[in-house]
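> According to the working numbering, the sequence shown holds residues 46 to 341 in order.
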Amino acid sequence: MKRALWLIAGWILLILFLSSCAPRTAQGEAVPVATSTYIQNKGSDTIVNLALRWAEAYQELHPDVRISVTGGGSGTGIAALIDGTVDIANASRSMKKEEIEAARAKGIEPVEHVIARDAIAVIVNPSNPVNQLTLEQISLIYQGKINNWREVGGEDRPIVRLSRETNSGTHVYFLEAVIRLGQKDNKALFSRDTLLLPSSEGIITEVRDNPNAIGYDGLGYVTPEVKVLAVAKTADGPYVLPSVETVNSGAYPISRDLYMYTQKGAGPAVQEYLNWLLSPEAQKIVLELGFVPVQP
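#1: Report yes if the CB atom of I224 is closer than 8 Å to the CB atom of Q188, and no otherwise.
#2: Less than 8 Å between the C-beta atoms of Q308 and I153, yes or no?
#3: Tell me the rounded alpha-carbon separation between I204 and L332.
#4: Who are the Cβ neighbours of E74 in its own chain at under 7 Å, not counting the five residues just before and after it?
#5: What does the alpha-carbon distance come out to for the pair D281 and D128?
#6: By DSSP, does Y297 sit in helix, in strand, or in coil?
#7: What did DSSP end up calling V339 once you bin it into helix, strand or coil?
#8: Just reading off the alpha helix (DSSP H) that Y103 is part of, what are its end residues?
#9: In chain order, what residues of the same chain have a beta carbon less than 7 Å from the beta carbon of Y103, not counting five sequence neighbours either side?
#10: Go ahead and pull the three-state DSSP assignment for E270.
#11: Mind reading off the beta-carbon distance from T334 to N86? Whole number of angstroms is fine, and I expect it under 8 Å.
#12: Distance check for D254 and G198, CA to CA, integer angstroms please.
#13: Taking buried to mean at least 16 other C-beta atoms within 10 Å of its own C-beta, is L126 buried or exposed?
#14: Measure the C-alpha to C-alpha separation of I299 and M140 and round it to an integer number of angstroms.
#15: State buried or exposed for G88, treating a residue as buried only when at least 16 other CB atoms are found within 10 Å of its CB.
#16: By DSSP, does Y284 sit in helix, in strand, or in coil?
#17: Taking 8 Å as the threshold (C-beta atoms), are T239 and S213 in contact?
#18: Given a cut-off of 8 Å on the beta-carbon distance, is the pair R138 and V217 in contact?
#19: With distance defined between alpha-carbon atoms, name the residue in S324, I168, I191 nearest to F235.
#20: Do I123 and A84 have their beta-carbon atoms positioned less than 8 Å apart in this structure?
#21: N170: which of D163, K272, E101, E196 sits nearest, CA to CA?
#22: Where K229 and K142 are concerned, what is the direct C-alpha to C-alpha distance, given to the nearest angstrom?
#23: In three-state DSSP terms, what is D201?
#24: Excluding five sequence neighbours on each side, which residues of the same chain lie with their C-beta closer than 6 Å to the C-beta of T291?
#25: How long is the line joining the alpha carbons of V175 and I183, rounded to whole angstroms?
#26: Pull up the distance between the alpha-carbon of R237 and that of E181, whole angstroms please.
#27: Checking 8 Å against the spacing of the C-beta atoms, do A277 and P269 come in under that value?
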């Protein structure tokens, strides 16, 4: 009996202690402790800087929301979505048929959201006299069928090919849209001597430092340290530089949508965040970082 009384007294003291520790208003009323909503966002290195800026801006507006943003490539983000370990997968390419099937096999129905657009800039060292190339010339260079800058109007120098790694959505897009020229039956591949680099910044640095290099990068990553080439669909032209205007008009031939993928039935916090990404405020950040807004 005494033991039971002691236990009851102990519980009463613990409840009183916890109650006294709770925050209170000026009138002494207990204030409910706020809980944070946590959103995990992972994937494309092309999108990662944009996603970080978005997350920072959104968290200022919604202090109760915490958004974790990491890169690793489109394939990495999509794999995490399939495994159910992220809320949002960033991708600079569409999900592949086999990825969608793998997600459905795990009970996940992917939902695609176009959140911005991007141009892929073809870049060379500023000392390179070449100013323009056709899609076919770029394709032949990356296949290893054109190996000297002299063959495309430049100096007698070997061409050093640079690319993103294979888990990059930009790598996949460039392979399909440029090297294979958008032809479904085309099985062309990157030349085996193409140097694969792990980041967009790495491409910029190598092109800046190597007068023989050619690379490609999302327009939002291009700096004045490299030269952007004008690109034409055919030798008859026109040769067009990438910009917001030429992407929206369809004049620049190497442009794409950028995506976020969620699973069907994602929670209200995720839905509210995705809705905000299409707001004028969020799309202004798209423009500031050198990408192309999907909303005016």
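Don't be surprised by glycine CBs; every beta carbon is placed ideally from N, CA and C.
Reading it off the structure:
#1: yes
#2: Yes, these two residues count as a Cβ contact at 8 Å.
#3: 33 Å
#4: Any reading at E74 must be qualified, since the residue scores a pLDDT of 46, below 50, and its modelled position is unreliable; no value is offered.
#5: 48 Å
#6: Coil at Y297, not helix or strand.
#7: coil
#8: According to the DSSP assignment, Y103 belongs to the alpha helix (DSSP H) that extends over 90-106.
#9: V110, I112, Y318, W321, listed in sequence order.
#10: The answer is coil: DSSP assigns E270 none of H, G, I, E or B.
#11: For the sequence presented, residue 334 should be read as Leu rather than Thr. Actually they are not in contact, since the Cβ atoms of L334 and N86 sit about 16 Å apart, beyond 8 Å.
#12: 21 Å
#13: buried
#14: 19 Å
#15: Buried, because 16 or more other Cβ atoms sit within 10 Å of the Cβ of G88.
#16: coil
#17: no
#18: yes
#19: I191
#20: According to the sequence as given, residue 84 is Ile; it is not Ala. No, these two residues do not count as a Cβ contact at 8 Å.
#21: K272
#22: 14 Å
#23: coil
#24: V285, Y297
#25: 12 Å
#26: 19 Å
#27: no
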